[in-house]
């Protein structure tokens, strides 16, 4: 006799969530965001930082670092016998900050543009003339009451 495998109770709920437009939009946004992050990193490292380096006297930010001493261990050697230095790479951190600022600026302008488009759509909807619905046809009772009212007025 074969044992029947039942799916967990939450499975249908999960599938409904995963197939919803919001979850798909989030997935697409994450993938595009990751790709865009690569573009901004390249923009920072390959375009902006070399221009900044020109004004800073040819300093390459990726090479800015402080060598820290090894207080409680012996020097660590690589395969060739050279000492591996313990460094604080603050130049890479500066590049990451600039990368973040560029990404934040682009996202700011993107959201700002989308908000303006949304506001324009709302203004067009508000400006569009709306036709007033025709008054409902009076019922037989209302007609009868109106006739009685008119007869009583004429008396």
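In the working numbering, the protein residues as written are 1 to 155. Where is the CB? At the ideal position from N, CA and C, for every residue including glycine. Quick caveat, the model's predicted, so the values are computed rather than measured.
{"Check": "Length of the line joining the Cα atoms of residue 77 and residue 61", "Outcome": "26 Å"}
{"Check": "Exposure of residue 115, with buried meaning 16 or more beta-carbon neighbours within 10 Å", "Outcome": "exposed"}
{"Check": "The region 118-129 / the region 48-61 touching (three or more Cβ pairs under 8 Å)", "Outcome": "no"}
{"Check": "Whole-Å CB distance - residue 40 paired with residue 103, under 8 Å assumed", "Outcome": "5 Å"}
{"Check": "Local Cβ density within 10 Å of residue 148, reported as buried at 16 or more and exposed below that", "Outcome": "exposed"}
{"Check": "Short Cβ contact (8 Å threshold) for residue 51 with residue 90", "Outcome": "no"}
{"Check": "Rounded C-alpha distance that separates residue 109 from residue 36", "Outcome": "15 Å"}
{"Check": "With 16 other Cβ atoms within 10 Å as the buried cut-off, status of residue 95", "Outcome": "buried"}
{"Check": "Within 8 Å, strictly: CB atoms of residue 64 and residue 86", "Outcome": "no"}
{"Check": "Continuous alpha helix (DSSP H) stretch holding residue 99: start and end", "Outcome": "90-127"}
{"Check": "Nearest-angstrom beta carbon gap, residue 84 and residue 44 [assumed within contact, 8 Å]", "Outcome": "27 Å between Cβ atoms; not a contact."}
{"Check": "Distance CB(residue 23)-CB(residue 17) smaller than 8 Å", "Outcome": "yes"}
{"Check": "For residue 132, three-class secondary structure by DSSP", "Outcome": "coil"}
{"Check": "For residue 68, the residue or residues it bridges with in DSSP", "Outcome": "86"}
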